[in-house]
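The opening residue of the sequence shown carries number 143 in the working numbering; numbering runs sequentially from there.
Notes for the one structure printed next.
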Amino acid sequence: MPKKTYGKQTGRAITHELPAPAGGVRLETFVPWTLVKRGFKKQVITPLDAPQEFLSEATRERAARAAAQDSALMRALGLAHHWQRLLDEQRVKSVADIAEAEGIDVTQVRRVIRLTLLAPEVIERLVGAPNIVLEQVMRRPWPNGWSGQMRVLAPPT
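Here you go:
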């Protein structure tokens with residue numbers, strides 16, 4: 143071991159998997175640092191340009207997040223399809239089990255799962271419209287047929 147690196151330890155990226163009811167989230171953090179022994183003390187040294195680099199990266203990530211803004215409607219659609227998949231694969235027995243696992247009311251789960259019955263064209267139009275709010279979609283009665291849904295929920299613009 144060369145004398146230059148003796149007593150030094152460097153930071154490496156650490157990845158953590160966070161279990162969540164909606165499939166889990168992968169979280170990775172990285173902070174560049176070097177731990178150097180100075181006599182009996184240990185000192186953490188960070189690169190001088192690291193804070194500026196972090197700020198520029200954070201700015202880029204914020205801009206990317208703003209461009210791909212997740213609306214409540216998008217999150218509800220994703221959650222509805224996830225819950226429907228759980229029911230289809232029989233990983234849960236009923237909507238009541240989902241409600242208990244999520245800590246919400248059964249009626250709310252049923253309202254959200256109802257989004258899986260929407261026509262694909264309706265979903266495309268709703269997602270593409272920036273002024274559509276989830277509550278507007280949830281409170282409306284929907285026809286069973288996809289053509290009826292197109293007339294009621296997504297009129298041509």
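Cβ coordinates follow ideal geometry from the N, Cα and C atoms, glycine included.
Residue range 288-295 is occupied by the alpha helix (DSSP H) that includes Q291. Beta-bridge partners of I246 (DSSP): none assigned.
Around the beta carbon of W288, fewer than 16 other beta carbons lie within 10 angstroms, which makes this residue exposed. Annotated three-state conformation of L177 is strand, per DSSP. A distance below 7 Å between beta-carbons, with the five flanking residues on each side excluded, links T258 to the following residues of its chain, in chain order: A222, H223, Q226. For V275, the secondary structure class from DSSP, reduced to helix, strand or coil, is coil. When DSSP reads this structure, V186 sits in a beta bridge with L177. With 16 or more other CB atoms across the displayed protein chains lying within 10 angstroms of its CB, V279 is buried.
Q232 is not a Cβ neighbour of A241, given a cutoff of 9 Å. Scanning V186, V254, T201 for the CA closest to the CA of R282 turns up V254.
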